[in-house]
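Residue numbering for the first sequence follows UniProt numbering, beginning at 1 and increasing consecutively.
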Amino acid sequence: MEFRHGAALEELCPVCGDKVSGYHYGLLTCESCKGFFKRTVQNNKKYACAESRECCIDVPQRKRCPFCRFQKCLHVGMRLEAVRADRIRGGRNKFGPMYKRDRALKQQREALIQASGFRIDSSPPMGSSTQQRDLTFTADLHSVPVLHCTPLHTAQNHRISYQHPSLCSLLPPDSAGVNQYQCASSSNWTIKSEHANSAAVIYSRPLSPRGPRMPQLVIEFVRCDPDELQLQNKIAARLLQEHTGWEKHSDPSNLCLMCHMADQTLFSIVEWARTSIFFKQLKVNDQMKLLHSCWSDLLLLDIISRQVLYGKEGSLLLVTGQEMELSDVASHAGLTVASLVQRGLELVEKLHIIKVDRQEFACIKFIILFNPDVKQLEDHQFIESVQEQAEGALLEYTLCSSSHLLGRFAHLLLCLSELRSLSALAEDYLYCKHLSGEVPCNNLLMEMLHAKRSWA
DNA sequence: TTAGCCTTGAGA
DNA sequence: TCTCAAGGCTAA
1 MEFRHGAALE ELCPVCGDKV SGYHYGLLTC ESCKGFFKRT VQNNKKYACA ESRECCIDVP
61 QRKRCPFCRF QKCLHVGMRL EAVRADRIRG GRNKFGPMYK RDRALKQQRE ALIQASGFRI
121 DSSPPMGSST QQRDLTFTAD LHSVPVLHCT PLHTAQNHRI SYQHPSLCSL LPPDSAGVNQ
181 YQCASSSNWT IKSEHANSAA VIYSRPLSPR GPRMPQLVIE FVRCDPDELQ LQNKIAARLL
241 QEHTGWEKHS DPSNLCLMCH MADQTLFSIV EWARTSIFFK QLKVNDQMKL LHSCWSDLLL
301 LDIISRQVLY GKEGSLLLVT GQEMELSDVA SHAGLTVASL VQRGLELVEK LHIIKVDRQE
361 FACIKFIILF NPDVKQLEDH QFIESVQEQA EGALLEYTLC SSSHLLGRFA HLLLCLSELR
421 SLSALAEDYL YCKHLSGEVP CNNLLMEMLH AKRSWA
């Protein structure tokens, strides 16, 4: 299948919302933000914000505040290292494979839309509502009570303060009043969930003349998934900011670096959950209980699914898009980590052999998140109903895509059980390391670790 | 200073 | 040979 380059160009610039002209410095942006980013980095420009560093950056206003515009460039993931110090023109850079993978993802998403006849706003332009949500999320990071505060420097040496938010501050105010989720699609589909105590059933699309039936809920689950490249860029940029702050103080250990990466991944998982179908209808108390209960399962699933979908044999693909040689990991690991890595790799291999796809991973995430076994849930019936629907959607999807009747579905549930067992071991290991003071404190990772143990 | 268009050149 | 993401040029 040929990738339509034009499809990507229909997207909007994540910085200002203007028309995208191609991949520039790590992601799809417009020509003007490309030029702005280049000028800023090449000429080492220093800007200042006349307001409160929260200026709106859109097409009409992007010229108003270069400080906030550049901050946004970094925030959405434009890469400083893609600007060439030697200024040599032409050729390709090291991001080629990343652009290729992003194109493949977009192509896959487009194929999914076509197969289902359902319109998904692929990679919602950050200049639109998603952009606003993104800014709100960033603003949250700067406005919540301080648990941990490290002075950081951006590439421009602008001092910014980074305050680590707690899970509670990352979740929105109670949304229980909003008990109706409605989504109209271009194909006369109306998804409606009016929950009082149970989730309304979302029906599957009828059989498509072009291929197997795609359960409607699976499409919704995939739709909730973040854009892999944007996620990659965002986490890489945040880690770069954090790392700039560390350089002055000490050289962090590998374990420490991995914890920071896991911490940032946890942020993205919370962000995914809080904007996901069904979850956003829950009261904050229930949201927190569910996330406290399953964060490590979701974190491990994130690592494993990336490995299954995009990883290469012999290396570990990190959330930042970097690859680590497994031989390096093994040589630096102790017995416990080596055994965890080995079991993780065996699980990756199992999932790889049966070719688990994005749709199935998306369902599994919801099955993990909506765990009715969590104690003292206010809306237990609704949560149980969502998990049943997610399992039903996965079953239906596997029956459509596999000839082995229940075999594939059962296999996936077995893998899920292995994943839970592995994540419990990883949690124990992390807790031991925390007690011996070998991992960073006062972050979301540690908050989750403590929360689970305090009510377990 | 901005932003649209042009030139360049490595890799497919 | 073609593609496309770099840097360069220049009118507004």
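Built from N, CA and C at the ideal position, the CB exists for glycine as well.
Asked	Found
Start and end residues, beta strand (DSSP E) containing glutamate 360	Where glutamate 360 is concerned, there is no enclosing beta strand (DSSP E), although the alpha helix (DSSP H) it sits in stretches over 358-369.
Beta-carbon spacing of glycine 311, glutamine 232 below 8 Å	no
Contacting residues, own chain, Cβ-Cβ under 7 Å from leucine 449 (five flanking each side not counted)	Glu427, Leu430, Tyr431 and His434
Proximity of aspartate 225 and alanine 362 at Cβ, strictly below 8 Å	yes
Proximity below 8 Å, CB of leucine 301 to CB of leucine 399	no
Top-ranked residue by Cα proximity to histidine 292, from Leu318, Leu445, Met261 and Ile277	Leu445
Span separating the alpha-carbon of leucine 317 from that of arginine 306	7 Å
Buried/exposed call for glutamate 51, threshold 16 Cβ in 10 Å	exposed
Within 8 Å, strictly: CB atoms of isoleucine 364 and glutamine 387	no
Helix, strand or coil at lysine 19 according to DSSP, with G and I counted as helix	strand
Test item: CB-CB of isoleucine 57 and lysine 72 under 8 Å	yes
Residue nearest to lysine 100 in terms of C-alpha spacing, selected from Ile269, Leu229, Ser32 and Ser421	Leu229
Candidates Pro440, Asp297, Val76 and Ala393, of which the one nearest alanine 237 by Cα	Val76
Start and end residues, beta strand (DSSP E) containing leucine 282	First-last for leucine 282: undefined, no H or E at that position.
Closest residue to methionine 214 among Pro14, Pro66 and Glu396 (Cα-Cα distance)	Glu396
Leucine 347 vs leucine 422 beta-carbon contact at 8 Å	yes
Identity of the residues DSSP links to serine 315 by a beta bridge	Glu325
Nearest-angstrom Cα separation, counted from valine 59 out to glycine 17	6 Å
Residue burial classification, serine 276 (beta-carbon count within 10 angstroms, cutoff 16)	buried
Status (buried if at least 16 other CB within 10 Å, exposed otherwise) for glutamate 378	exposed
Straight-line gap, proline 124 to serine 385 (C-alpha atoms, nearest Å)	Interpretation of proline 124 is limited by its pLDDT of 36, a score under 50 that renders its predicted location unreliable; no figure is taken from the coordinates.
Bridge partners - leucine 12, DSSP secondary structure assignment	Lys19
N-terminal and C-terminal residue of the alpha helix (DSSP H) that leucine 255 is part of	254-274
Rounded C-alpha distance that separates serine 32 from arginine 79	16 Å
Test item: CB-CB of threonine 265 and isoleucine 304 under 8 Å	no
Assigned secondary structure, leucine 28 (DSSP; H/G/I helix, E/B strand, else coil)	strand
Boundaries of the alpha helix (DSSP H) in which phenylalanine 95 is found, first to last residue	That residue, phenylalanine 95, is in no alpha helix (DSSP H); it is neither H nor E in DSSP.
Check whether alanine 262 and leucine 299 have beta carbons under 8 Å apart	yes
C-beta contact flag for arginine 69 and phenylalanine 95 at 8 Å	no
Buried/exposed call for tyrosine 203, threshold 16 Cβ in 10 Å	Note that tyrosine 203 has pLDDT 33, beneath the 50 cutoff, so the model's placement of it is unreliable and the number below is only indicative. Exposed, by the Cβ-count rule.
Alpha carbon of valine 374 to alpha carbon of glycine 26, nearest angstrom	41 Å
Own chain residues within Cβ distance below 7 Å of asparagine 93, not counting five before or after	Ala82
Among Glu391, Val329, Ala410 and Leu257, the one whose alpha carbon lies nearest that of glutamate 438	Leu257
Start-to-end residues for the alpha helix (DSSP H) that takes in residue 468	Here the chain covers residues 1 to 456 and nothing more, so residue 468 does not appear.
Nonlocal neighbours in the same chain, by C-beta distance under 8 Å from serine 327, ignoring five residues either side	Gly314
Whole-angstrom distance between cysteine 259 and cysteine 441, CA atom to CA atom	10 Å
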